[in-house]
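Same order as they appear, the protein sequences are chains U, Z, E and V. Taking the numbering used here, the leading residue of the first sequence gets 4, the next gets one more, and so forth. Taking the numbering used here, the leading residue of the second sequence gets 291, the next gets one more, and so forth. Taking the numbering used here, the leading residue of the third sequence gets -1, the next gets one more, and so forth. Taking the numbering used here, the leading residue of the fourth sequence gets 58, the next gets one more, and so forth. For every residue, glycine included, the Cβ atom is placed at its ideal position computed from N, Cα and C. Here's the structure, in structure tokens; my notes come after.
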Amino acid sequence: MVILVALGLPLLGALLLALFGARHYAAELNAAMSFATLVAVIFLVLRVLRHGSILALHEQFFVDSFNVFLVALTAFVGFTTSLFSRPYMRIEEQRGRLSPQRLRLYHSMYQLFMAAMFLALLTNNMGLLWVAMEAATLSTVLLVSLYRTRASLEAAWKYFILCGVGIAQALFGTILLYFAAEHILGRQGMTALLWTHLNAVKGQLEPRVLGLAFVFLLVGYGTKVGLAPLHNWLPDAHAEGPTPVSAVLSGLLLNVALYAVIRCKVLVEGSIGSYLPGHMLMGFGLLSAVLGAFFLWRQRDIKRLFGYSSIEHMGIITFAFGIGGPIANFAALLHMTVHSLTKSSIFFTAGHASQTAHTQQMDGIRGLVGISPTIGWGLMLGSLAILGMPPFGVFASEFLILTTAMREHPWTTPFLLIALGVAFAAIFRKVQPMVFGESDAPPLPHSPALVPVFIHLAMVLMLGVYIPFALAEWYRAAARLIGG
Amino acid sequence: MHPSHVIAELLKLLAASLLLISFAMLSRRRTQRLITLFAWQGSVLFISTLLVAYSAGLTELYYSAALTLLLKVIALPWILHRLIQRLGAQWDSETLVNIPTTMLVGLGLVIFAFGLAQPISRMATTITRNTIGIALAVIFLAFLMMITRRKAITQVIGFLAMENGLFFAATSATYGMPMVIELGIALDLLVGFFILGIFFFQIREQFDSLDLSNMEALKED
Amino acid sequence: MSPLDWTSRYLLALSRHDLSLLLVFVLGWLVLGVAGLIRPHRVGFVARILFPLGAVAGLGGALLSGIYLITGHAPEILILPLGLPDLPFHVRLDTLSAFFLLLLGIAGAGISTFAAGYFRSGEGTAPGLLCLQYHVFLASMALVILADDAYFFMVVWETMALSSYFLVTSQHRIPEIRHAGFLYLLMAHVGAICILLCFGVLQGGSWQFTFNAMRGATLTPFWASAAFLLALTGFGAKAGLVPLHVWLPEAHPAAPSPVSAMMSGIMLKTAIYGMLRIAFDLLHVRFWWWGVLMLALGLFSALFGAIFAAVQTDMKRLLAYSSIENIGIIFTGMGLAILFQACHLPLFAALALTAALIHSLNHSLFKSLLFLATGSVLHATNQRSLGKLGGLIRRMPWVATLALIGTLAIAGLPPLNGFVSEWLLLQSFLFTPQIPHAFLNMLIPLGAAVLALTAALAAYVMVKFYGVIFLGQHREPSLAHAHDADWLERIGLAWLAFGCIAIGVMPQIALRAAGAVTGTLLGQTVNLSSPYWSIAPISPGQASYSGLILLAGIVGVVGFTFALVRVVAHGRMRRTVPWDCGYPWQTSRMQDTAEGFGQPIRHMFGPFFRMERDLPSPSDIAPRYRVHIEDRLWRTIYLPIARGVQRLADAVGVLQGGRLAIYLLYSFLTLIALLVFVL
Amino acid sequence: MSPLTIVRQFGEVILAIAIAPLLVGWIAQCRAWFQNRSAPPLTQPYRMLRKLFHKDVALATDASPLFRMTPYILFGTMVLAAAIIPSVATDLPFARVADAIALIGLFATARAFQSLAAMDIGTAFGSMGARRDMMIGFLAEPALLMVLFNAFLLSGSTALPNVVEASTAHPFLIDPSLVFAAVAFVMVLLAENARIPIDNPATHLELTMIHEAMVLEYSARHLALVEWSSDLKLFNYACIGFALFLPWGIATHGADGGLALGVAVIALLAKLIVAGAALALIESLSAKLRIFRAPEYLATAFLLAVLGLLVHLLLGA
């Protein structure tokens, strides 16, 4: 059962690394496990491509066109991040910021986190989805607090409390969902929480209850998506955790949380029949985009900066899902992809940049192209990509989103444009002096693994000028599935 | 009088006491007391779950009840107790907002919760129909408590209280979630709690107090 | 029949697959760029092989588009297998794009040839990378001109901005250059956002983003005007139209000279192209007040640019401001064209548009020529400040001679090309009294006076430019061993100078090229029937001009006089020290400086400037005079915006106060609010 | 293009070259009379030219080719201008080559070259003169253009012959706008030809001179050519004025037999005599302005021209 393999490999990895995580080959092991997972996922994807969507294990797991590409994305970015984290963590260890024991924790938690995300993505059961999200939170809490410094503890604590509370709301939402569902589906066979069944009968579910449920689910999972004003944990966690963790948080966890929200949205919209959920998403999205953009303006810490940029982009994606319809959903899915690729690559370079300069304060980071051209150009191109500069793919999705917004809700366009403009000025005026200019810092002891960066950026570039047919079909199918 | 009615009445009573306990928690200052109240809340939850299990004749709810007993009546309060012993955190914890105001807000929240729950309880078929409003109220009150308290521990207790509210909602409104979920949730709760335990010590050694006012360094300045 | 007709018939056979061939050339540029990465640090390989090849490709493109213009058949459309799934890249070749491709090819060829001699190692970015950026820049400009759907247009438009940004910041170790680059890219991005919005309006409910769909769309007057204003803002920002010009005088001097030449000579024209494309092709209506607005902005920019150019003391800044002036002139022409078109005077509209088009072409020639010349001067002397140059005509005769041609051309003096376009523009101003609007027909003729003032000011500026750099005494002893440009640079310069002369003496060529454009855009061309050595745009009786005969006349008279003087005057010639009213102690410091030349302008146009001057006190031992000129608009428009954003950002920052309880409160309130919302 | 027209063309040019210095001489003489000094002989300018042509050239050490070329270019442009302006007859082959706007351009070219040449030696006075001359230039051109616009609007053409033809078609009708234009034109003429009140051709007082400062370094044949071309410039301006405002007597197209030409030449001479006297009168009556009064002076000229334009548009000629 390929799904089980895909789920089991990271768990196995977590176990192995919990045992051997302190050895010198732990990083390689980590990468190897991630690679194995990637391979398994590729098989899964191929199967889906061949036979269409899968239901498995008493319908507890399922793969449709919506989550399969997220699974693929997650596996891929997870693998590249593990590649990146190898030299990065070595350097951290050499500089005495981490002990081997911590590295063991890091590696096993990393795998556990991946497992949790796969579970969240693959499960058909809204309850299991909740459990998986909670598990992901817990594992990342440990990762964020890895350095055990005051700042990292504070960040982890805030992260834990805010997301814990949020998740609790989500649980209540799930309970309400179940409550509404069992009237239709009954308690027998425990089908009342299976998304596929819920989706089948969503028309009959009691609208009032689902309305309430959606509010709780939205607030709950939305906290993890980092929608303003529920976002406060996000910049801290991104800034204080180890960079690979920031990369996967930004690149994957937010996506997964949003995935959960969208699953719920599909059900609720089907039941209510009104655009209420869509409008809620649009509201959150717009608010996050604008606030995120203005937050960017005053940042000093490089990882914090890009954390806020994630808020902004999650806002844009949420907004697009809120608009709904084939084009907007297509654009949102595309934006999910390019954002996680770009943002993770940015975090890779940002991590090495702050290592070379021995600080995360952007005023301290100067003249990267002089020290290491790959880091410098990686950061520059990545930032330009994330800012929606053509020919990078982010522009493609933003173009679609903007045009659709003009079409469906013209009044939102100025806000979006202001957000984009301000974000551009804010990020670029910070990145340029870091990349260009003079510096006398010595290069890194271990040569940074920046191949992932350029692979990611190359993919993003390709998506800007050419979207492969299969991928496009995929997005289309998913967009149809989401509907709205 | 038919037993089911009796059970229903009993359940209402328990629900009411649950709400009462939440209010009490809102008003208490001493951490020690909070823990005791939390244990009480747990036991009420346990009894209500038992009753529902009996009246609905659902075996899995018995497991759920047992789980509640283990976790929320025995394990967590005990660990919490040990924790504050070890951390010496049992002193008074002054609130950010003074108690009476908090109570008033709480009252408003309860009304809001009931109003919110009405349509749901109207369509509920279980004998525990209108308890969901109370569950909601408990959740809100716990939330309020988390907002108004200053100490890490009290916040955690608030968090746990919220979980209790959730469990109560689950059992009373829907006869409990499927067992898998119940277990998953319980597991998460336990793990989360242990992580918290670890945290307390680390926070303590870093900040040499559990006062949250020390943890306001990360901000936009 | 004229040679042109003959060649056209002869070349008709060749010109059937222009578009695909052009795309091949563009692709060739990209390939060359990538090839630069093979040996990024081998100057010889990059400069001596790749850049000349790029120049050849440019020539090829120019030739093709020239043929297309002459034969002038139906538009060619191609759909590339790239782009968005629902919106593949469309490319289209029509006379308008062909004209601008011609411009790009001619100027690009010259600049690439020069660049081959110019780029040396050790200057900021590695030559190979520079080569990549340079050719991507060229290719993206060509594609901007060819793009036929909004998405592709935006992609290449921003690619153009991006590649040029990297070129501008190639010497990024200098903070001013970084600042200039940032400002440039920011303005470009803001402009791009406006253009995107403009397309969003233009699709007019069809939600098809191909230009064809936009041509088909019919907009209400309000939305049409909105689209026009957005386009004016977006393309104005790229073209450096006042008050969106602030980036231009920063970015152009910052870039290496070939890049400055390309930005000023070609990139600004892509903005003109876009404006024309939208105003005359995509929009189906035109209102007279658009024209008036454009005219006003254009005239103001022209005057503004000329005035600021006159007071500059850095040679490249001076040229940059002069670009603003020329862009202003071009916009004036376009504004007149729109005005006439809206008033149903197509012939005059054609005349004004022809003037604008030809001026674009001219400007791309002489402005690149001058920027390249400053490049040679820079290499020879490492001096950019006019206060430290002088007398180079004796050290670098080649550059000086070729630059003289450019100088006279840009000053709008017959018989060179600059005069032709200004003549045409003045001609079209002559018909403004026929506009059927009270006031307009009285006010707009005054525009001719402003134009004349601008042209004369331009002459002033250029005399200053040339005189201070090339004439007089060396202001610095180091200039004594400045060396002339090398042969590749000379070829590049000579090619552009040749262009200036050719269009000057045979304006009919340019007139026909522009005629092909106006023919498709307005369905009306000026009178093209006159023989190829002269032009009579309206009618021979009305007005005619022939640069060729003028030149012949001057040369003839001069030669005759020279011979005659040789015969009658027997005086010998001896070299002495300058007389200068018998004042004996001449030093080079006594010459008029750039500041000195600016002085009358500062005196007359004081209100335009924000001046800081520190005058030496009478008792100074080493007296120093410094005057710093600043643009008022910067403080009145841009700084307030920046401050506003800062304030908003501070206000938003409060949300992240660091206190967990408050954060919890946020989410609690959100929850309650949403619950109330669904209730 | 019949041989006759060619003859006519060359005849006109020769005439212009020949009598241009005479005009200057005449003005000088009139000025002398008005200021009751004893006047120099009429032929003084010719004598000076002759003398200069026979002198040795003293050329500054590092004068560039540009410096030596300039006198010839100046002369060339001015002769060409003379060939374009219909001073005697309108049917000139060269008049088709360049219209009035091109004429202004031609003058501008001359000015640019003169200024460049003045800067070439790199003396203080030279560059100062160049700067001032260019300043006068860019102030005078808009005014001149507006003046021409008046005439263009009347005749609907920018070609001077057409202007003349149009106005001789109905001779005794003077458009009111032309009055304003004429005054403006005279002011511009004074400014452009380095005469009082803008410049004083007779002075060598260093700090006030403009034209003289520019030609300071020239000597012998070069100076001769420069002076001659400035005489020609004055003559050309006068002829433009005649063409615009007093076109009577100019042999129009078709009616340009030998007799008509003779009449035209007589008329031209008469006009020149009158105009020269008037010019001298104005110069003697007015005082030289400070250099920074020049903008105001030329702004006035510009304003008058614009007024003329508006009057024309208002009265809808």
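Could you work out which residue in L72/V, K108/V, Q101/V is closest to A280/V when comparing CA atoms only? Counting from 1 along the fourth sequence, the entry for residue 280/V is found at position 223. Here residue 280/V is Leu; the residue named in the question, Ala, does not match the sequence. Among L72/V, K108/V, Q101/V, the Cα nearest to that of L280/V belongs to K108/V.
_Nearest by alpha-carbon distance to F457/Z: which of T438/Z, T421/Z, F489/Z is it?_
For this step, residue 457/Z is matched to residue 167 along the second sequence. F457/Z has its Cα closest to that of T421/Z, out of T438/Z, T421/Z, F489/Z.
Identify the continuous alpha helix (DSSP H) that holds M191/V and give its terminal residues.
Within the fourth sequence, residue 191/V is the residue found at index 134, counting from 1. 181 to 212 is the span of the alpha helix (DSSP H), which, as asked, contains M191/V.
Only counting the same chain, and skipping five residues up and downstream in sequence, which positions put a Cβ closer than 6 Å to that of G379/U? The residue given as residue 379/U occupies position 376 in the first sequence. So the qualifying residues of the chain are L371, V372, V438.
| field | Ordered list of beta strand (DSSP E) runs contained in the stretch 172 to 210 of chain U, each at least 3 residues | value | none
Would you please state the rounded distance, in angstroms, between the beta carbons of L549/E and P413/E? I believe it to be under 8 Å. In the third sequence, counting from the first residue as 1, residue 549/E sits at position 551. In the third sequence, counting from the first residue as 1, residue 413/E sits at position 415. Rounded, the Cβ-Cβ distance is 4 Å, consistent with contact.
### Task
Measure the C-alpha to C-alpha separation of G404/E and A120/V and round it to an integer number of angstroms.
Here the question's residue 404/E lines up with position 406 in the third sequence. Here the question's residue 120/V lines up with position 63 in the fourth sequence. Their Cα atoms are separated by approximately 21 Å.
Would L477/Z be called buried (16 or more neighbouring beta carbons within 10 Å of its own) or exposed?
Taking the second sequence and counting its residues from 1, one reaches residue 477/Z at position 187. Classification for L477/Z: exposed.
Around the C-beta of V565/E, are 16 or more other C-beta atoms found within 10 angstroms, so that it is buried, or is it exposed? Within the third sequence, numbered from 1, the residue matching residue 565/E stands at position 567. Answer is exposed; the Cβ neighbour count stays below 16.
Is K346/U helix, strand or coil by DSSP? As a working mapping, residue 346/U is identified with position 343 in the first sequence. Correct three-state label for K346/U: helix.
Give me the residue from K236/E, F135/E, G554/E with the minimum Cα distance to I193/E. Numbered from its first residue, the third sequence carries residue 193/E at position 195. Checked all of K236/E, F135/E, G554/E; the closest Cα to I193/E is K236/E.
Neighbourhood of L304/Z by C-beta, 7 Å cutoff - its chain only, sequence neighbours within 5 removed: Counting from 1 along the second sequence, the entry for residue 304/Z is found at position 14. Cβ neighbours of L304/Z beyond the five flanking positions: V334, I337, S338.
- Task: Decide if F182/V is buried, meaning its Cβ has at least 16 other Cβ atoms within 10 Å, or exposed.
- Result: To locate residue 182/V, count along the fourth sequence from 1; it is residue 125. With 16 or more other Cβ atoms within 10 Å, it is buried.
Report the residue from L294/U, F324/U, L49/U, M92/U whose alpha carbon sits nearest the alpha carbon of V264/U.
Residue mapping note: residue 264/U aligns to position 261 of the first sequence, counting from 1. Measuring from the Cα of V264/U, the nearest candidate turns out to be F324/U.
Thinking C-beta only, is W245/E closer than 8 Å to L273/V?
Within the fourth sequence, numbered from 1, the residue matching residue 273/V stands at position 216. Within the third sequence, numbered from 1, the residue matching residue 245/E stands at position 247. No, they are not a contact pair.
- Give the straight-line distance between the Cα atoms of A165/V and R153/V, rounded to the nearest whole angstrom. One-based indexing of the fourth sequence puts residue 165/V at position 108. One-based indexing of the fourth sequence puts residue 153/V at position 96. For A165/V and R153/V, the distance between alpha carbons rounds to 19 Å.
Mind checking F46/U: buried by the 16 CB within 10 Å criterion, or exposed?
Locating residue 46/U in the first sequence gives position 43, counting from the first residue. Per the 10 Å Cβ criterion, exposed.
Proximal residues, the stretch 647 to 668 of chain E versus chain Z, C-beta separation under 7 Å: G651, Q654, G655, G656, R657, L658, A659, L662, L663, F666
CA-to-CA distance, W236/U to E510/Z, given in whole angstroms: Sequence index remark: in the second sequence, residue 510/Z carries index 220 (1-based). Sequence index remark: in the first sequence, residue 236/U carries index 233 (1-based). Looking at the two C-alpha atoms, the distance is approximately 13 Å.
Handout entry: Given S321/E as reference, the closest of A159/E, V142/E, L301/E, L337/E once Cα atoms are compared
Key = Stepping through the third sequence from its first residue, residue 321/E is reached at position 323. Nearest option by C-alpha distance: L301/E.
* **Beta-ladder partner(s) of G81/E, from DSSP** => Along the third sequence, one-based indexing puts residue 81/E at 83. Note: G81/E sits in a beta bridge opposite Y469/U, P86/E.
TODO: Identify the continuous alpha helix (DSSP H) that holds A216/V and give its terminal residues.
DONE: As a working mapping, residue 216/V is identified with position 159 in the fourth sequence. Where A216/V is concerned, there is no enclosing alpha helix (DSSP H), given that its DSSP letter is neither H nor E.
- Tell me the start and end of each unbroken beta strand (DSSP E) in the stretch 202 to 247 of chain E that is at least 3 residues and wholly inside, in chain order. none
Using beta carbons (cut-off 8 Å, strictly below), is W205/E in contact with chain U?
Within the third sequence, the letter at position 207 stands for residue 205/E. Taking Cβ atoms only, chain U reaches closer than 8 Å to W205/E, which makes this a yes.
| Can you name the start and end residues of the alpha helix (DSSP H) that L673/E belongs to? | Taking the third sequence and counting its residues from 1, one reaches residue 673/E at position 675. Per DSSP, L673/E belongs to the alpha helix (DSSP H) from 658 to 676.
Subject >> Selected residue, minimal CA-CA separation from V387/Z, among R440/Z, L348/Z, G347/Z, Y352/Z >> reply: Position 97 of the second sequence, counted from the start, is the residue given in the question as residue 387/Z. Nearest C-alpha to V387/Z: R440/Z.
Check your understanding: Which residues, in chain order, does the stretch 360 to 394 of chain U contribute to contact with chain E at a C-beta distance below 7 Å?
Key -> L387, M392, P393, P394
Give a yes or no on whether 8 Å exceeds the smallest Cβ distance from I437/Z to chain E. The residue you call residue 437/Z lines up with position 147 of the second sequence. Chain E contact via Cβ: present.
- Task: Kindly identify the DSSP beta-bridge partner or partners of S383/E.
- Result: Numbered from 1 along the third sequence, position 385 holds the residue referred to as residue 383/E. Its beta-bridge partners are D312/E.
Look at the alpha carbon of P448/U and the alpha carbon of S88/U, and state the distance between them as a whole number of angstroms.
The count along the first sequence starts at 1 and reaches residue 448/U at position 445. The count along the first sequence starts at 1 and reaches residue 88/U at position 85. Cα to Cα, P448/U sits roughly 15 Å from S88/U.
Cα separation between A159/E and A33/E? Position 161 of the third sequence, counted from the start, is the residue given in the question as residue 159/E. Position 35 of the third sequence, counted from the start, is the residue given in the question as residue 33/E. So the alpha carbons of these two residues sit roughly 22 Å apart.
How far does the beta strand (DSSP E) with T574/E in it reach, from first residue to last?
-> Numbered from 1 along the third sequence, position 576 holds the residue referred to as residue 574/E. Segment 571 to 574, the beta strand (DSSP E) holding T574/E.
*Mind checking the stretch 475 to 507 of chain E against chain V and listing, in chain order, the residues whose C-beta falls within less than 7 Å of any C-beta there?*
none
task = Identify, in the order they occur along the chain, each residue of the same chain with its Cβ nearer than 8 Å to the Cβ of I161/V, setting aside the five sequence neighbours on each side.
result = Position 104 of the fourth sequence, counted from the start, is the residue given in the question as residue 161/V. Taken in chain order, the residues that qualify are E198, L201, L202, L205.
Short CB-CB distance (under 8 Å) between F497/Z and chain E: Counting from one through the second sequence, the residue named residue 497/Z turns up at place 207. Output row for F497/Z: interface = no.
DSSP bridge partner residues for D147/E (one or two, in chain order): As a position in the third sequence, residue 147/E is number 149, starting the count at 1. In the DSSP output, where bridge partners are listed per residue, D147/E has T208/E.
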